[in-house]
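Asks: Chains B and D supply the protein sequences, listed in that same order. Note that my numbering has the first sequence beginning at 80, numbered continuously upward. Note that my numbering has the second sequence beginning at 10, numbered continuously upward. Heads up, the beta-carbon is just placed ideally off N, CA and C, and yes, glycines get one too.
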Amino acid sequence: DAKTTQPTSMDCAEGRAANLPCNHSTISGNEYVYWYRQIHSQGPQYIIHGLKNNETNEMASLIITEDRKSSTLILPHATLRDTAVYYCIVRYAGNNRKLIWGLGTSLAVNP
Amino acid sequence: GAVVSQHPSRVICKSGTSVKIECRSLDFQATTMFWYRQFPKKSLMLMATSNEGSKATYEQGVEKDKFLINHASLTLSTLTVTSAHPEDSSFYICSALSGRAWETQYFGPGTRLLVL
Chain B
80 DAKTTQPTSM DCAEGRAANL PCNHSTISGN EYVYWYRQIH SQGPQYIIHG
130 LKNNETNEMA SLIITEDRKS STLILPHATL RDTAVYYCIV RYAGNNRKLI
180 WGLGTSLAVN P
Chain D
10 GAVVSQHPSR VICKSGTSVK IECRSLDFQA TTMFWYRQFP KKSLMLMATS
60 NEGSKATYEQ GVEKDKFLIN HASLTLSTLT VTSAHPEDSS FYICSALSGR
110 AWETQYFGPG TRLLVL
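(1) Measuring only between beta-carbons, confirm whether Leu125(D) sits less than 8 Å from chain E.
(2) Report, in whole angstroms, the separation of the C-beta atoms of Pro118(D) and Gln38(D), which I expect to be a contact under 8 Å.
(3) Residues of chain B with a CB under 7 Å from the CB of Tyr115(D): which are they?
(4) Mind listing the chain D neighbours of Gln85(B)? Cutoff is C-beta to C-beta under 7 Å, in chain order.
(5) Give me whichever residues DSSP pairs with Leu141(B) in a beta bridge.
(6) What residues match up with Ile78(D) in a beta bridge as DSSP calls it?
(7) Using beta carbons (cut-off 8 Å, strictly below), is Leu85(D) in contact with chain B?
(8) Where Gly122(B) and Glu145(B) are concerned, what is the direct C-alpha to C-alpha distance, given to the nearest angstrom?
(9) Just the Cα atoms here: how many angstroms apart are Ser41(D) and Asn79(D)?
(10) Determine the closest residue to Ser92(D) out of Ser18(D), Met54(D) and Thr26(D), with distance taken between C-alpha atoms.
(11) Determine whether the beta carbon atoms of Thr120(D) and Val20(D) lie at a separation below 8 Å.
(12) Since Pro100(B) sits in a beta bridge, which residues does DSSP pair it with?
(13) Would Ile143(B) and Thr83(B) be called neighbours here (beta carbons separated by less than 8 Å)?
(14) For Glu96(D), which of helix, strand or coil comes out of DSSP?
(15) List the whole-angstrom C-beta distance separating Leu122(D) from Ser99(D), where the pair is believed to meet the contact cut-off of C-beta under 8 Å.
(16) Could you tell me how far apart the beta carbons of Leu53(D) and Trp180(B) are, in whole angstroms, since I believe they sit closer than 8 Å?
(17) Whose CA, out of Glu61(D), Val90(D) and Thr66(D), lies closest to the CA of Leu55(D)?
(18) Taking all protein chains shown into account, decide if Glu137(B) is buried (16 or more other Cβ within 10 angstroms of its Cβ) or exposed.
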């Protein structure tokens, strides 16, 4: 699986958009980009995933660059409950279903 | 989204005893489940991949005789930590692979194990 690079930590004001970047410059054409988050002392929570096109669901939007070497997770209106560690993972869409976890970005949403 | 439960949520045991952790997929059938371990301020480490009806596949460095995994049904996988020692104290998390589109992993809430 391709390696991802994320900033260690970020801050965001409550009510503002949180934009979390991820670099995956070695991603191959059949690898998806997945985003999970982990609130302290809980299991990870699936947020969103994509291949080439931008995606949006009730939680967030995922913007993938045209060359697919980077992506941005957008939380449109961050709340205090969005404080968590956010993980960007690329995964081959084949039989190897492993998720290789990096250290993620620790997002602090401040009042 | 799909729901995965774990039991117990917290367990404290004496050194040398065995502890069993259950992972259940509540609203879907999971042919594949994963077991992870997470130490404080560290990322998740995959321990093993469990396929229903077959032996688990362990990651390098994970002792299969110490961490026994059973996946006897499409909704239940168990992890037994045998002869637990204080260094086994950790946060154990399972995930289940949904057979729906995109094969997204859904995670349980985790089990905090403390070995005294």
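Replies: Working from what's here:
(1) Absence of chain E from the displayed structure is noted, the protein chains being B and D.
(2) Not confirmed; about 20 Å, so no contact.
(3) Tyr125
(4) Near Gln85(B) there are no residues of chain D at all, since even the closest Cβ is about 11 Å away, more than 7 Å.
(5) Glu134(B) and Leu152(B)
(6) Leu88(D)
(7) no
(8) 32 Å
(9) The amino acid at residue 41(D) is misidentified as Ser; the sequence shows Thr. So the two alpha carbons sit approximately 11 Å from each other.
(10) Thr26(D)
(11) yes
(12) Thr151(B)
(13) no
(14) helix
(15) 6 Å
(16) 4 Å
(17) Thr66(D)
(18) exposed
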